[in-house]
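Here's the structure we're looking at; comments come further down.
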Amino acid sequence: MRFAAIADVHGNHLALEAVVADIRKHGVTEIVNLGDCFSGPLTAGKTADILLALDAVTVRGNHDRYLIEQAPEAMHASDSAARAELVDRHLDWLRTLPFSAVYRDEAYLCHATPAADNIYWLESVSPDGHIYQKPIKEIEALAAGIDFPLILCGHTHIQRLVRLSDGRLIVNPGSVGCPAYDDDLPHYHKVEAGHPFASYAILEKVDGVWLPIFRQVAYDHMAMAKLAAQNGRVEWACGLATGWLPQVRS
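With the numbering used here, letter number 42 in the sequence shown gets 113, and the count goes up by one each step, no holes.
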């Protein structure tokens, strides 16, 4: 049994096209999407058309929620840029997305954690902005009651695999379209993949055991970096071009 997991496309249609092509090249026919589909200063409308046609099992991310809950004038710049490109059918699709889902009675899907769509599950942030892997007991506490062998989450854009003490696996497939970002909560920090490639994972069950194959896919990332720069988002441009953010906060 094999399927692909994508997450955090963030309105990058070129990265999404490349990832879908790579998935098909590997003979995988089914895809799950862990949310944060459109937010960003890129090509939300084109991305939406691809995702709606893909018809993947999809859960709602925090930025997906912002796009349907917040007034445009109250949105963060990335959400506002995406909202301007989306039409009614795209927003209607977002409204149908569940907070979580179960795929083929094997995998639990959520964007961030089973309790919230904007909390890091596998990582913590220190007061001085360093990101580190969360202690296993804290990770397991958030997994209480999720009785599936495979648990998939996104949100942090970092590819990671954690095996719980009872054998359950938690997998973050990484970000398709946004390899670097910063955030002010819970403390100011940067998340940087260190490369500009599109990331996803193939999940395969072999002899009763689920294992991820983490994939990185090359695409025309410089085209998206130039678009972000044209739209006045220097930090996005740098992240898309290199996988790193500017050293000085913009």
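Built from N, CA and C at the ideal position, the CB exists for glycine as well.
Values in this document were obtained by computation on a predicted structure and should not be read as measured data.
Residue span of the alpha helix (DSSP H) that contains residue i, given as start and end
i	result
E211	I207 to L213
Y137	N133 to E140
G314	Counting along the chain, G314 falls outside any alpha helix (DSSP H), and DSSP gives it neither H nor E.
Simplified DSSP state of residue i, which is helix, strand or coil
i	result
L274	strand
A269	strand
D291	coil
Y191	coil
C249	coil
T129	strand
W281	strand
I217	coil
Q94	Residue identity differs from the one stated: residue 94 is Ile in this sequence, not Gln. Helix at I94.
A223	Looking at the sequence itself, residue 223 is Leu, so the reference to Ala does not match. DSSP places L223 in strand when its eight states are reduced to three.
V103	strand
R286	strand
P112	coil
A308	helix
A299	helix
A86	helix
H258	coil
D120	helix
V145	Here residue 145 is Ala; the residue named in the question, Val, does not match the sequence. It is helical.
H228	coil
L162	helix
A155	helix
Presumed contact (8 Å Cβ cut-off) between residue i and residue j, rounded CB distance
i	j	result
H266	P250	6 Å
L113	A264	About 17 Å; that fails the 8 Å criterion.
C224	I207	Actually they are not in contact, since the Cβ atoms of C224 and I207 sit about 16 Å apart, beyond 8 Å.
E156	G116	4 Å
Y80	G245	This sequence places Val at residue 80; Tyr is not what is there. V80 to G245, Cβ: 11 Å. No contact.
F285	Q230	5 Å
L85	N104	17 Å between Cβ atoms; not a contact.
W281	L221	5 Å
A289	F268	6 Å
G310	H258	Between H258 and G310 the Cβ distance is about 19 Å, and since that is not below 8 Å, they are no contact.
V173	F219	7 Å
N133	D107	7 Å
Nearest to residue i (by Cα), restricted to the options the options
i	options	result
I164	I139, A183 and D188	With the sequence shown as reference, residue 164 is identified as Trp, and Ile is not the correct amino acid for it. Selected option, being the one with the closest Cα: I139.
R131	A264, H226 and L193	H226
M72	K96, I102, A145 and D79	I102
H97	F74, L105 and P185	F74
A294	A308, F285, R286 and W281	A308
E211	I202, H292, H228 and W192	W192
H147	G111, L180 and A119	G111
S197	E88, F170 and D255	D255
L168	A153, D176 and R136	R136
V90	N189, Y179, G82 and S270	S270
Q318	V262, R175, Y179 and A92	V262
I217	S151, Y179, L311 and V158	Y179
E194	G238, H260 and I77	H260
L235	L213, H228, D176 and T313	L213
Limits of the unbroken beta strand (DSSP E) element including residue i
i	result
Y174	S171 to Y174
V80	Looking at the DSSP string, V80 is not in any beta strand (DSSP E), and its letter there is neither H nor E.
Bridge-paired residues (DSSP) for residue i
i	result
Q204	E194
E263	A251
C181	S171
V233	I241
F74	L274
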